[in-house]
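A short write-up of the structure that comes next.
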Amino acid sequence: MITVVWFRHDLRVQDQPLLHKAAALGAPVLPLYVLPERWTRPGQEGFDRLGPAKSVFLQECLADLSASLDVLGLTLNMALASPAALLGHWHQSTPLQVVTAHADAPEEQQDIDALRAAGITVYEVDSRTLLPSSAQSWESSFPTTFSRFRKKVERRGGPQVPAAEGDPPLLQAATPLPLPERVASVVAALGARRGDWQRDSQHYFSLSGGGQAARQWLYQYLFEERHIRHYKATRNQLIGTGYSSRLSAALAWGCLSVRHVWHAILDYEQQFGGDQHSYWLRFELLWREFFHWSQREYGAAIFRSSGLQLFDHEGAVCRERNEKASDFWQAWCAAETGLPFIDANLKELMATGYLSNRGRQNLASFLVHDLKLDWRSGARWFEHHLVDHDVASNWGNWAYIAGVGHDAQGGRRFSPTRQWWRHDHHADFVRYWLPVMNGLSRQQILQRHFASDAESAWQGYPVPIVSLPDSDREVS
Numbered sequence: 001m002i003t004v005v006w007f008r009h010d011l012r013v014q015d016q017p018l019l020h021k022a023a024a025l026g027a028p029v030l031p032l033y034v035l036p037e038r039w040t041r042p043g044q045e046g047f048d049r050l051g052p053a054k055s056v057f058l059q060e061c062l063a064d065l066s067a068s069l070d071v072l073g074l075t076l077n078m079a080l081a082s083p084a085a086l087l088g089h090w091h092q093s094t095p096l097q098v099v100t101a102h103a104d105a106p107e108e109q110q111d112i113d114a115l116r117a118a119g120i121t122v123y124e125v126d127s128r129t130l131l132p133s134s135a136q137s138w139e140s141s142f143p144t145t146f147s148r149f150r151k152k153v154e155r156r157g158g159p160q161v162p163a164a165e166g167d168p169p170l171l172q173a174a175t176p177l178p179l180p181e182r183v184a185s186v187v188a189a190l191g192a193r194r195g196d197w198q199r200d201s202q203h204y205f206s207l208s209g210g211g212q213a214a215r216q217w218l219y220q221y222l223f224e225e226r227h228i229r230h231y232k233a234t235r236n237q238l239i240g241t242g243y244s245s246r247l248s249a250a251l252a253w254g255c256l257s258v259r260h261v262w263h264a265i266l267d268y269e270q271q272f273g274g275d276q277h278s279y280w281l282r283f284e285l286l287w288r289e290f291f292h293w294s295q296r297e298y299g300a301a302i303f304r305s306s307g308l309q310l311f312d313h314e315g316a317v318c319r320e321r322n323e324k325a326s327d328f329w330q331a332w333c334a335a336e337t338g339l340p341f342i343d344a345n346l347k348e349l350m351a352t353g354y355l356s357n358r359g360r361q362n363l364a365s366f367l368v369h370d371l372k373l374d375w376r377s378g379a380r381w382f383e384h385h386l387v388d389h390d391v392a393s394n395w396g397n398w399a400y401i402a403g404v405g406h407d408a409q410g411g412r413r414f415s416p417t418r419q420w421w422r423h424d425h426h427a428d429f430v431r432y433w434l435p436v437m438n439g440l441s442r443q444q445i446l447q448r449h450f451a452s453d454a455e456s457a458w459q460g461y462p463v464p465i466v467s468l469p470d471s472d473r474e475v476s
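Residue 468 in the UniProt record's numbering is what sits at position 468 of the sequence shown, and the numbering runs on without skipping anything.
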């Protein structure tokens with residue numbers, strides 16, 4: 001009997017409950033990462049789940065994980081395959097048990113269920129959340145809104161977040177198992193998808209993937225540069241240094257455990273004192289927690305066009321057919337919507353694999369409420385590009401903006417003109433990503449949002465593909 005530690009979105013050895021569970025089982029250990037074949041197949045929009053920046057970041061995470069396991073005397077096995085098929089194949093010749101994290105999405109749960117159906121014992125471990133499965137504080141029903149969730153988990157001095165696992169245990173390495181002949185290489189697949197993409201240190205999000213880089217950045221952010229001192233005030237900035245935590249990608253791929261981050265913030269508060277800024281970073285971690293538990297609660301329902309149907313918001317999803325949907329979608333994918341603020345955010349996403357909190361909300365709002373496109377297309381677009389894509393957070397937030405998730409108000413529209421005017425005070429963000437705007441004043445750039453005919457085009461930059469309401473002209 002061997003224990004396969006199946007890594008998915010928990011690519012670290014520090015604070016790793018999977019390894020501690022494997023040690024407790026006592027059998028030799030074989031670490032495994034499977035890049036699911038389904039990630040490499042294009043969906044109906046024509047793209048798969050691995051954009052260039054995302055592929056590079058994952059490559060770096062896996063290289064760091066492999067090096068960290070080497071130090072422990074373990075070898076990381078990697079394969080581009082169906083996880084259930086690969087593990088089932090091995091089990092036919094070598095009895096094995098599997099240790100892995102709780103499923104992040106229904107398709108992962110299907111893989112786990114398929115392993116059990118094949119007679120393989122699977123141990124699911126809390127690796128991705130602040131709260132353990134045994135400490136659900138919402139009792140009989142999951143809260144319909146984040147505010148209700150937060151009140152429940154924060155009552156009586158909570159949430160009570162277990163300590164991180166700490167250093168990895170001593171483990172005995174299992175003899176490597178041969179891969180089936182037709183199993184493809186993860187390294188080759190990711191390398192092909194990165195193309196000629198290179199990280200640009202001038203871009204705000206330029207952190208490398210992997211646990212070592214993530215731990216270094218966390219310490220630098222909290223204790224050396226102490227950017228957390230202004231987190232609440234600056235988290236909605238669009239450009240600059242230190243305005244947000246930049247922890248999302250490390251959390252999405254599990255380079256850092258969320259419990260480690262939580263307790264690091266508490267250590268900061270113990271040393272320097274807590275305030276609204278340090279609390280607000282923990283507050284954002286609770287938002288992440290909320291969406292993760294919602295995903296477990298509602299499963300595949302979150303991917304439906306009609307969403308979770310928690311509130312009577314039928315009008316939010318029953319829109320008339322958009323005859324220009326194809327043209328609008330093509331303009332979106334090319335970052336040529338004609339609205340500078342929208343296009344600048346789209347270009348940043350495609351170039352870096354990252355997007356600010358404010359940018360994400362505005363892109364989602366614009367696609368859903370102004371272009372009137374299917375919100376799920378936007379969620380899949382993000383899934384392809386975002387380095388920090390997290391199934392629960394991405395799809396939960398898109399459903400929230402579309403009015404089919406946990407928003408009791410039935411959706412959120414943001415004015416792209418007012419939002420840009422408020423958060424890009426000197427037009428630095430738009431000019432960085434749209435150099436064609438360098439010849440225009442801030443007021444002239446604002447007017448691009450309302451250009452109405454081809455004669456209004458500016459040096460080849462298109463006019464808006466959709467007219468904004470007159471109320472959007474009020475930006476003060």
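All residues carry an ideal CB built from backbone N, CA and C; glycine is no exception.
Cutoff 7 Å; reference residue i; Cβ partners in own chain excluding five residues on either side
i, result
"W395", "I302, F303, A379"
"R150", "L286"
"S66", "L76"
"R229", "H277"
"F146", "W287, F290, H406"
"A316", "The predicted position of A316 is uncertain, since its pLDDT is 49 and thus under 50; a value taken from the coordinates is nonetheless stated next. Same-chain partners within the cutoff: A402, G403, V404, G410, G411."
Given residue i as reference, the closest of the options once Cα atoms are compared
i, options, result
"Y243", "R38, W138, N357", "N357"
"W332", "Y298, Q309, G195, D370", "D370"
"S185", "A451, M78, P42", "M78"
"R49", "A402, Q409, W381", "W381"
"A3", "P340, Q172, E154, S82", "In the sequence on display, residue 3 carries Thr and not Ala. Residue Q172 is the option with its Cα nearest to T3."
"A135", "R148, D196, P159, A114", "P159"
"H203", "G353, R422, Q409", "G353"
"R38", "P83, V475, S55, V391", "P83"
"W421", "I445, G439, W398", "I445"
"residue 480", "G209, L18, T121, A399", "Nothing about residue 480 can be read from this structure; the chain reaches only from 1 to 476."
"D472", "A408, G460, F414", "F414"
"H449", "Q419, S326, G273, D111", "Q419"
"Y123", "L25, T241, W458", "L25"
"Q109", "E297, L440, S456", "E297"
"W293", "A81, E45, P28, H406", "H406"
"Q16", "V98, L256, V34", "L256"
"D200", "Y400, H385, E348", "E348"
"N345", "L468, D327, A364", "A364"
"L440", "W458, A451, F328, Q198", "W458"
Spatial neighbours of residue i in its chain, beta-carbon cut-off 6 Å, leaving aside the 5 residues before and after
i, result
"I342", "F366, P416"
"S68", "V13"
"L310", "T144"
"P42", "D48"
"G88", "A118"
"N322", "K372"
"residue 511", "Summary: the structure shown does not reach residue 511, with the chain confined to residues 1 through 476, and so no result is reported for it."
"G338", "P462, V463, P464, I465"
Environment of residue i [buried if 16+ CB atoms lie within 10 Å]
i, result
"L170", "exposed"
"N362", "buried"
"V71", "exposed"
"M437", "buried"
"Q220", "exposed"
"Q237", "buried"
"D267", "exposed"
"E60", "buried"
"K324", "exposed"
"T175", "exposed"
"M1", "exposed"
"Q330", "exposed"
"D126", "buried"
"G377", "The sequence given here has Ser at residue 377, not Gly. Answer is buried; the Cβ neighbour count reaches 16."
"E225", "exposed"
"D312", "exposed"
"E289", "buried"
"A300", "exposed"
"E474", "exposed"
"T241", "exposed"
"P340", "buried"
"G307", "buried"
Cβ distance (whole Å) where residue i is taken to contact residue j below 8 Å
i, j, result
"V463", "D453", "6 Å"
"A53", "V368", "Actually they are not in contact, since the Cβ atoms of A53 and V368 sit about 24 Å apart, beyond 8 Å."
"V56", "P31", "Incorrect: roughly 22 Å between the Cβ atoms, too far for contact."
"residue 540", "H389", "The structure shown does not extend to residue 540, since the chain is modelled only from 1 to 476, so the question has no answer here."
"R431", "G254", "About 36 Å; that fails the 8 Å criterion."
Spatial neighbours of residue i in its chain, beta-carbon cut-off 8 Å, leaving aside the 5 residues before and after
i, result
"Q276", "K232"
"Q295", "D104, A105, I302, V391, A392, W395, G396"
"F205", "R246, A249, T352, G353, Y354, V387"
When the Cβ atoms of the stretch 156-169 are set against those of the stretch 418-427, are three or more pairs found closer than 8 Å? no
Whether or not the stretch 213-231 and the stretch 112-128 are in contact is what I'm after, with contact meaning three or more pairs of Cβ atoms, one per stretch, closer than 8 Å; do they touch? no
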